[in-house]
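In the working numbering, the protein residues as written are 735 to 1087. Beta carbons are placed, not taken as given, at the ideal position from N, Cα and C, and that holds for glycine. On a predicted model such as this, the values are computed, not experimentally measured, just so you know. Below you'll find the structure, written out as structure tokens, and then a few comments.
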Ligand SMILES: *Cc1c(COP(=O)(O)O)cnc(C)c1O
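If you want it as structure tokens, here you go:
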């Protein structure tokens, strides 16, 4: 850190992304990436844009915006596209959290919420999940501030129903509720339809996980016209060309290739069920995850020990050295071949105890 850095940023503890090792070829099950390639159509359309890269991208992303709006069943005035969904979350924190408006989120959830809250100097109210890791809705109803909930939640994979989200929205119409649907495509229902009824709801989604485009950086937010205008005000005050033309084209290709998207999601869901069954047979317990990951623990092997033993065998998973969940590991659901390698490694580790 230099002596020039301002006080505000000095206080922030930056987000630590999952490892992206170069030194060894790992089976990578630590950052919830897709094991599949992006859609061929996405690849083709992206490639066509390479030769046009001397030109700025369309700052309004009109074509992509219309296609997303059509796909999720809302108007173009209800959508903003961003550089990954991290960017729309960043905009939401910037717009709706400050010294006087706390950020409310579960104690166990996506680690970035905490970082954004610090970045904008907003008090954090981390609301403990219940004993079974489900979200304690009544606690949110009592508190003041902007709510951030990943649904399904990470790393637990547990989800709130639309009825529960609606109750949360209704409990206080004077605050914004952000529902982060990074994992919704792996078997849960989107709450996007609720934006028609609630002008305090912002739903975020990403192309990183279910659309196999983590490296392209594409996400979007869906909300009332007013909220989208707020977020666009920030976008046009920071980076109007936030989505580059290659990524925008890839995003269009992915949306136009719906069959491939659905087939990929279906495979992940099948592999999740298969892996869960295998792991239970080895004595693991786990949450009923609706994400492209399992959140698992074993009676006989500690969380960190398991992480290290798997790493030794060339398999990377995500361990969080955090209270309440240090005995768990989050394991991305990959291809069947990767899951077979995982099960084989876990068998050796568990039986060696
Ligand atoms: C992965 C993830 C995101 C962000 O993904 P982007 O790659 O920035 O789109 C947001 N929220 C949750 C809960 C995630 O797991």
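- Would you mind reading off the limits of the alpha helix (DSSP H) that contains residue 981? Its alpha helix (DSSP H) spans residues 979 to 990.
- Item | Bridge-paired residues (DSSP) for residue 798 | Partner(s): none; residue 798 has no beta bridge.
- Task: Take the Cβ of residue 844 as the centre, count every other Cβ of all protein chains shown within 10 Å, and call the residue buried at 16 or more, exposed below.
- Result: buried
- Message: Looking at the strands, I want to know which residues DSSP matches up with residue 938.
- Response: Under DSSP, the beta-bridge partners assigned to residue 938 are 914, 955.
- Query: How about the stretch 1001 to 1020 and the stretch 1055 to 1074: do they share at least three Cβ pairs that are nearer than 8 angstroms?
  - Reply: yes
- Message: Tell me whether residue 796, by its Cβ, gets closer than 7 angstroms to a heavy atom of ligand 1.
- Response: no
- Query: Alpha carbon to alpha carbon, what distance is there between residue 850 and residue 975?
  - Reply: 22 angstroms
- Message: One question on the structure: do residue 914 and residue 882 come within less than 8 angstroms of each other, judged by their Cβ atoms?
- Response: Yes. Within cutoff.
- Task: Return the chain-ordered list of same chain residues with a C-beta closer than 8 angstroms to the C-beta of residue 969, the five sequence neighbours on each side being excluded.
- Result: 814, 816, 825, 976
- Check whether the Cβ of residue 766 lies closer than 7 angstroms to any heavy atom of ligand 1, and answer yes or no. Correct: residue 766 has its Cβ closer than 7 angstroms to ligand 1.
- Only counting runs of 4 or more residues, tell me where the alpha helix (DSSP H) segments fall wholly within the stretch 989 to 1045, in order along the chain. 992 to 1015
- In terms of residue numbering, what span does the beta strand (DSSP E) encompassing residue 1054 cover? Premise fails: residue 1054 is in no beta strand (DSSP E) and is neither H nor E.
- Message: Does the beta-carbon of residue 819, which I'm using as the reference point, lie nearer than 7 angstroms to any heavy atom of ligand 1?
- Response: Yes, the beta carbon of residue 819 sits closer than 7 angstroms to at least one heavy atom of ligand 1.
- Assess, as a yes-or-no matter, whether the stretch 847 to 867 is touched by the stretch 893 to 909 under the definition of 3 or more beta carbon pairs within less than 8 angstroms. With the cut-off at 8 angstroms, the stretch 893 to 909 and the stretch 847 to 867 do not touch.
- Counting pairs of Cβ atoms below 8 angstroms between the stretch 1049 to 1058 and the stretch 753 to 765, do you hit three or more? yes
- Query: Out of curiosity, what's the CA-to-CA distance linking residue 803 and residue 1056?
  - Reply: 38 angstroms
- Can you give the Cα-Cα distance for residue 776 and residue 917, rounded to whole angstroms? 20 angstroms
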